[in-house]
Ligand code: PAF
């Protein structure tokens, strides 16, 4: 496994492989890898001849008062995990390499980025799509792998890849959870022991929504109010509780069911100083 900092070196390494007909799988990450990332890497390993994992804490996707500086970093451990998982290349660029002086180009997906997390982190998705587009241009992967935990991100990236004819297969892998249901996230490292004990309530509230929908409740306001009751006990602040159509991320007021009948139930809450997001898909 090679750890590569230079954009041109990664381009050359992967380009050489592609010329020989080798497929490339890319797993974009911000590092501090956990089982969720490893599930993406394992799938990429299974499906491709060459696997590249990018580790880049992308300043463009953090708002001015967000946790860019504090975001956990541990390249040594990440490299050990990647090596064990059979990764060929870690791409670990400097901020200056990705955004040199004079950098002025941003990729913005409209429509899908205005609600849910986009409402509370207005510049976030533009930062995500910009860096992912850059990573795609650098690695030119055949396939890329993302987690369902960041459901809105996954939908936005799929849209971008399709709209810009990138010709890259976007694979979305299921959320990996701790035994008590908490969705794995690098940010879980911020939780104090008390907060960690409270955090699984986020998933419990999603399960409550699923149970209510499955037992025939059709009024999303009522479902959200039951979730709010449960979350209010542990959450310092609720950014949003949303029940949306997973195709266009529009809020659903009355659940209809029907042929497709899929709903995305998504939440973002603050447990102390830590913002947690989670979601589940429910078939109405
Ligand atoms: O999901 C993440 O870790 C990041 O948003 C991503 C996709 C690597 C872009 O920086």
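Residue numbers (our numbering): 421 to 704. Glycine is no exception: its CB is placed at the ideal position from the N, C-alpha and C atoms. Since this is a predicted model, take the numbers as computed values, not measurements.
Item to check | Complete runs of the beta strand (DSSP E) confined to the region 609-668 [at least 3 residues] | outcome: 657-664
Item to check | Neighbour-count burial assignment, residue 679, 16 or more Cβ in a 10 Å radius | outcome: With a pLDDT of 49 at residue 679, under the threshold of 50, the predicted position of this residue should be treated as unreliable, and no value is reported.
Item to check | Touch test, the region 463-482 against the region 432-444, Cβ-Cβ under 8 Å, three pairs minimum | outcome: yes
Item to check | Nearest candidate by alpha-carbon position, reference residue 511, set 606, 698, 635, 421 | outcome: 421
Checklist entry - Distance, Cα to Cα, residue 658 vs residue 483? => result Residue 658 and residue 483 have their C-alpha atoms some 18 Å from each other.
Item to check | Cβ neighbour criterion (16 or more within 10 Å) applied to residue 515 | outcome: That one is exposed.
Checklist entry - Which of helix, strand or coil does DSSP assign to residue 448? => result Look at residue 448 here: in three-state DSSP terms it is strand.
Item to check | Enclosing beta strand (DSSP E) for residue 689 [first to last residue] | outcome: Start and end: 682-691.
Next on the checklist: In chain order, what are the residue ranges of uninterrupted beta strand (DSSP E) at least 3 long that sit wholly in the region 467-522?
Outcome noted: 470-475, 509-511
Checklist entry - Fully enclosed by the region 512-574, which alpha helix (DSSP H) runs are 4 residues long or longer? => result 515-518, 537-540, 544-559
Checklist entry - Under three-state DSSP, which class holds residue 464? => result helix
Checklist entry - In the structure shown, what three-state DSSP assignment does residue 698 receive? => result strand
Checklist entry - Is there at least one non-hydrogen atom of ligand 1 closer than 8 Å to the beta-carbon of residue 535? => result no
Checklist entry - If you pair each beta-carbon of the region 593-609 with each one of the region 623-641, do three or more pairs fall below 8 Å? => result yes
Checklist entry - Between the region 560-576 and the region 496-509, do at least 3 Cβ pairs fall closer than 8 Å? => result No, the region 560-576 does not touch the region 496-509.
Item to check | Distance cut-off 8 Å: residue 478 Cβ against heavy atoms of ligand 1 | outcome: Answer for residue 478: yes, Cβ within range of ligand 1.
Item to check | Counted within 10 angstroms of its Cβ, other Cβ atoms place residue 691 as buried (16 or more) or exposed | outcome: buried
Next on the checklist: Is residue 468 close to chain D? Criterion is C-beta to C-beta, closer than 9 Å.
Outcome noted: In the structure shown, chain D does not exist; there is a single protein chain.
Next on the checklist: Can you check which of these residues, 547, 615, 455, 576, is closest to residue 531 by C-alpha distance?
Outcome noted: 576
Checklist entry - Mind checking residue 645: buried by the 16 CB within 10 Å criterion, or exposed? => result Classification for residue 645: exposed.
Checklist entry - Looking at the structure shown, is residue 595 part of a helix, part of a strand, or coil, going by DSSP? => result Collapsing the DSSP output to three states places residue 595 in coil.
Checklist entry - Is residue 513 near ligand 1, in the sense that its beta carbon is under 8 Å from a heavy atom of that ligand? => result no
Item to check | Nearest-angstrom Cβ-Cβ length linking residue 460 and residue 501, presumed shorter than 8 Å | outcome: Cβ atoms of residue 460 and residue 501 stay farther apart than 8 Å, at about 12 Å.
Next on the checklist: Just checking residue 448 against ligand 1 - is the residue's beta carbon closer than 8 Å to any of the ligand's heavy atoms?
Outcome noted: yes
Checklist entry - Under 9 Å between the Cβ atoms of residue 684 and residue 703? => result no
Item to check | Euclidean distance between Cα positions of residue 464 and residue 488 | outcome: 27 Å
Next on the checklist: Suppose you measure from the CA of residue 493 to the CA of residue 545; what does that come to, to the nearest Å?
Outcome noted: Distance from the CA of residue 493 to the CA of residue 545, rounded to the nearest whole angstrom, comes to 21 Å.
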